[in-house]
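Okay, so here's the structure we're looking at.
Protein chains in written order, with the numbering used here: chain A, 12 to 324; chain B, 12 to 324.
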């Protein structure tokens with residue numbers, strides 16, 4: 012049996028929102044095009060938040076329009092609320108993700124909303140999407156952030172995450188995802204929580220993990236996720252936006268290292284790793300001096316490395 | 012069932028031999044003492060090689076004498092040949108590891124010896140150790156380096172590694188270990204190779220892995236190792252000696268991150284992680300400016316982190 016994993020590039024959203032500088036629109040377009048050309052099949056191109064909150068992502072609608080022109084690419088965007096979802100629909104995204112923080116303290120601090128208020132928005136978004144012709148209806152994911160722990164509350168009860176996953180599905184999401192926003196996750200916890208959520212909402216309603224590498228466990232957590240039936244992993248080219256030397260570091264797992272691990276294991280991801288490594292050049296040129304991460308880009312591919320059959324090489 | 016894992020600190024040997032500067036003897040002693048005090052139960056304190064080849068490790072005999080005075084600590088050393096083993100016995104080590112490179116090209120380049128010549132030495136060392144009173148006889152491990160791939164030969168056949176493991180056991184080793192010298196290993200390969208070697212030599216004759224983090228997969232490979240029944244992992248405090256930005260980087264997995272992952276998973280290692288993190292200060296002071304690695308030291312422990320019962324906290 013050949014396992015196939017979908018890598019969802021979130022750098023243009025999670026990476027760019029985590030740095031202060033604004034990447035020029037042309038560079039963002041070039042980045043998205045280059046990654047898609049390297050074989051990446053899903054990219055979260057931005058977030059439909061007010062420009063005054065995240066000026067780095069103010070051009071998300073233009074990026075959606077650009078990315079929709081790339082054949083075979085799933086164009087995803089984050090939406091914080093109904094208004095964001097309306098803008099996402101208007102822009103024509105294929106997938107919207109609404110974040111819900113498992114830690115209510117975190118939700119109140121970051122979104123100024125309770126769980127109940129966020130779930131109200133989920134229902135309103137589901138109604139909006141339900142009214143669209145099926146060909147124009149984006150896939151709707153509820154992303155549970157701080158699912159593995161919270162920097163304010165500490166431990167987050169697994170029963171709370173399960174309960175919220177059920178609530179998101181009942182409120183009209185097509186699927187749920189789990190996010191290790193704080194980099195607290197460990198492989199044993201990934202296995203437990205994925206199994207519990209899959210058991211509660213049905214195996215096909217949890218497919219994706221958004222993992223960080225804050226404490227260096229990102230790829231070990233991916234491995235545990237794969238063993239638990241996860242088929243989609245978010246990652247960021249060059250780990251952009253994640254600085255392990257800064258408090259509150261984001262620290263997405265690095266797309267290049269993730270692709271290398273999966274391909275080395277014989278798992279197809281449909282990506283040409285050599286080409287992907289070249290895409291870093293776009294980030295280096297557009298954001299000179301911005302720290303990039305990843306081990307494989309520095310070490311290079313092993314001598315005689317052969318990607319799995321089906322992946323470009 | 013509580014799993015327990017032995018962490019074997021190899022920084023004083025593999026870390027220090029990979030950097031040009033020589034750490035003063037007093038600092039080495041302080042490092043070894045501090046790690047043992049933090050709960051580390053096995054430390055490879057050096058290598059019995061000629062001082063002209065590795066002046067960084069010329070004081071290994073003095074370190075063995077020092078470390079033997081620490082109650083409960085297993086004092087390990089590398090030996091390249093019979094002469095080294097004689098010196099190790101004289102110094103009073105508890106464990107000797109003789110490296111044998113699975114890639115014969117690598118063996119010829121680094122040790123200037125064929126597999127047959129190294130196996131002759133193994134037999135001679137086994138005779139030497141067999142002649143000692145059982146209380147003074149060090150444990151004898153054959154460490155198969157480049158077991159997961161070679162920078163000269165590329166892929167190393169798994170059948171070759173299995174064959175060498177059998178040869179090492181037949182030549183008189185007490186156990187064998189597998190080393191990812193080049194940072195080529197991936198989790199699927201770890202599972203396959205560990206299973207194959209355990210099948211060939213008996214499960215209890217392969218207990219340890221020496222993994223590198225050259226391409227960021229170190230902890231994922233540890234996870235695969237644990238699932239395959241491995242109970243001892245080598246690592247280096249601060250990843251000392253491993254520079255991902257230099258060709259031929261060693262890049263041992265980082266002891267701090269390894270301890271964090273295992274403890275977060277509920278696996279006991281007998282180590283007080285907060286105290287272990289403080290030991291870095293000794294390296295920083297003794298080798299100012301030398302790059303240290305690890306994510307957990309920068310990110311800190313998660314809020315409310317509780318180590319497994321039995322581990323110090």
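Positions of the beta carbon are idealized from the N, C-alpha and C atoms, including for glycine. As the structure is a computational prediction, the values presented were derived from the model and not from experiment.
Item to check | Given 8 Å, three or more beta-carbon pairs between the stretch 304-318 of chain A and the stretch 242-251 of chain A | outcome: The stretch 304-318 of chain A makes contact with the stretch 242-251 of chain A, as at least three CB pairs between them are under 8 Å.
Next on the checklist: I'd like to confirm the pairing. Which residues does DSSP put opposite residue 107/A in its beta bridges?
Outcome noted: As computed with DSSP, residue 107/A is found in a beta bridge with 88/A, 151/A.
Checklist entry - Going along the chain, which residues of its own chain have a beta-carbon closer than 6 Å to the beta-carbon of residue 110/B, five neighbours each way excluded? => result 154, 156.
Checklist entry - Apart from the five residues just before and just after residue 328/B, which ones in its own chain have a Cβ nearer than 7 Å to its Cβ? => result The first residue shown for chain B is 12 and the last is 324, placing residue 328/B beyond what the model contains.
Checklist entry - In whole angstroms, what is the alpha-carbon distance linking residue 23/A and residue 230/A? => result Taken atom to atom, the span from the alpha-carbon of residue 23/A to that of residue 230/A is near 21 Å.
Checklist entry - Out of 129/B, 225/B, 67/B, which has the shortest C-alpha to C-alpha gap to residue 108/B? => result It is 129/B.
Checklist entry - Which value, in whole angstroms, describes the spacing of the CA atoms of residue 56/B and residue 125/B? => result Inter-residue distance for residue 56/B and residue 125/B is about 27 Å (C-alpha atoms, whole angstroms).
Next on the checklist: Any C-beta of chain A within less than 8 Å: which residues of the stretch 284-312 of chain B qualify?
Outcome noted: Cβ contacts with chain A come from 305, 306, 307, 309, 310.
Checklist entry - Can the beta-carbon of residue 202/B be found less than 8 Å from the beta-carbon of residue 235/B? => result Yes. Within cutoff.
Item to check | Separation of residue 237/A from residue 133/A, as counted between CA atoms | outcome: So the alpha carbons of these two residues sit roughly 28 Å apart.
Checklist entry - Can you list the residues of chain B that residue 207/A reaches, using a CB-CB cut of under 8 Å? => result What residue 207/A touches in chain B: nothing, since even the nearest Cβ is about 16 Å away.
Checklist entry - Hey, does residue 255/B have any beta-carbon neighbour from chain A nearer than 8 Å? => result Summary for residue 255/B: the model assigns pLDDT 45, below 50, so the residue's position carries little reliability, and this model does not support an answer.
Item to check | Member of 31/B, 29/B, 39/B, 92/B whose CA lies at the smallest distance from the CA of residue 59/B | outcome: Ranking 31/B, 29/B, 39/B, 92/B by Cα distance to residue 59/B puts 92/B first.
Item to check | Straight-line gap, residue 194/B to residue 167/B (C-alpha atoms, nearest Å) | outcome: If you draw a straight line from the Cα of residue 194/B to the Cα of residue 167/B, it comes to about 13 Å.
Next on the checklist: Just to confirm my understanding: we take residue 257/B, look at its own chain, exclude 5 residues before and 5 after, and list those with CB closer than 8 Å. What are they?
Outcome noted: Note on residue 257/B: pLDDT 48, under 50, position unreliable in the model; the coordinate value appears next. Its chain contains no residue whose beta carbon lies nearer than 8 Å to that of residue 257/B once the 5 sequence neighbours on both sides are disregarded.
Checklist entry - Roughly how many whole angstroms lie between the Cα atoms of residue 14/B and residue 242/B? => result Cα to Cα, the separation comes out at about 9 Å.
Next on the checklist: My output table needs one value for residue 255/B: the three-state DSSP class, helix, strand or coil.
Outcome noted: The pLDDT assigned to residue 255/B is 45, lower than 50, so where the model puts this residue is not dependable; a value taken from the coordinates is nonetheless given after this. In the structure shown, residue 255/B sits in coil (DSSP, three-state: anything other than H, G, I, E or B).
Checklist entry - Would the beta-carbon of residue 209/A fall within 8 Å of that of residue 152/A? => result No, the Cβ-Cβ distance between residue 209/A and residue 152/A is not below 8 Å.
Item to check | Secondary structure of residue 305/B, DSSP reduced to three states | outcome: Residue 305/B carries a coil assignment under DSSP once its states are collapsed to helix, strand and coil.
Item to check | Reduced DSSP category for residue 197/B - H, G, I as helix; E, B as strand; rest coil | outcome: Residue 197/B: coil per DSSP, three-state reduction.
Checklist entry - Residues of chain B with CB under 9 Å from residue 263/A, in chain order? => result The premise fails here: residue 263/A is roughly 13 Å from chain B at the closest Cβ pair, so nothing lies under 9 Å.
Checklist entry - Going by DSSP, what residues sit across from residue 161/A in a beta bridge? => result DSSP lists 165/A as partners of residue 161/A.
Checklist entry - Is the beta carbon of residue 191/B less than 8 Å from the beta carbon of residue 223/B? => result Against a cut-off of 8 Å, the Cβ pair of residue 223/B and residue 191/B comes out as a contact.
Checklist entry - Would residue 226/B count as contacting chain A if we go by Cβ distances under 8 Å? => result With 8 Å as the cut-off, residue 226/B counts as an interface residue toward chain A.
Next on the checklist: When you compare the CB of residue 34/B with every CB in chain A, is at least one pair closer than 8 Å?
Outcome noted: So no, residue 34/B is outside the interface.
Checklist entry - Name the DSSP beta bridge partners of residue 243/A, please? => result Looking at the DSSP assignment, residue 243/A forms a beta bridge with 17/A, 219/A.
Item to check | Whole-angstrom distance between residue 19/A and residue 70/A, CA atom to CA atom | outcome: Whole-angstrom Cα-Cα distance: 20 Å.
Item to check | Where the alpha helix (DSSP H) containing residue 58/B begins and where it ends | outcome: Per DSSP, residue 58/B is not a residue of any alpha helix (DSSP H); the beta strand (DSSP E) it occupies stretches across 53-58.
Next on the checklist: When you compare the CB positions of residue 78/B and residue 86/B, do they come within less than 8 Å of one another, or not?
Outcome noted: Yes.
Next on the checklist: Using a Cβ-Cβ distance cut-off of 8 Å, determine whether residue 268/A contacts chain B.
Outcome noted: Yes, its Cβ sits closer than 8 Å to a Cβ of chain B.
Checklist entry - Would a C-beta distance cut-off of 8 Å place residue 116/A and residue 174/A closer than the cut-off? => result When the beta-carbon positions are compared, residue 116/A and residue 174/A stay at least 8 Å from each other.
Next on the checklist: I want to see whether chain A comes within less than 8 Å of residue 271/B, judged by CB atoms only; does it?
Outcome noted: It does; some Cβ of chain A falls within 8 Å.
Checklist entry - Which word fits residue 158/A, buried or exposed, when buried means at least 16 other C-beta atoms lie within 10 angstroms of its C-beta? => result Flag for residue 158/A reads buried.
Checklist entry - Name the chain A residues whose beta carbon is nearer than 7 Å to that of residue 314/B? => result For residue 314/B, the C-beta contacts it makes with chain A under 7 Å involve 162, 165, in order along the chain.
Checklist entry - Among residues of its own chain, excluding the 5 on either side of residue 217/B, which ones have a beta-carbon nearer than 8 Å to its beta-carbon? => result Excluding sequence neighbours, residue 217/B sits near 176, 186, 187, 188, 189, 205, 208, 209, 241.
Item to check | Contacts of residue 276/B in chain A (Cβ-Cβ under 7 Å) | outcome: Per Cβ cutoff of 7 Å: 197, 198, 199.
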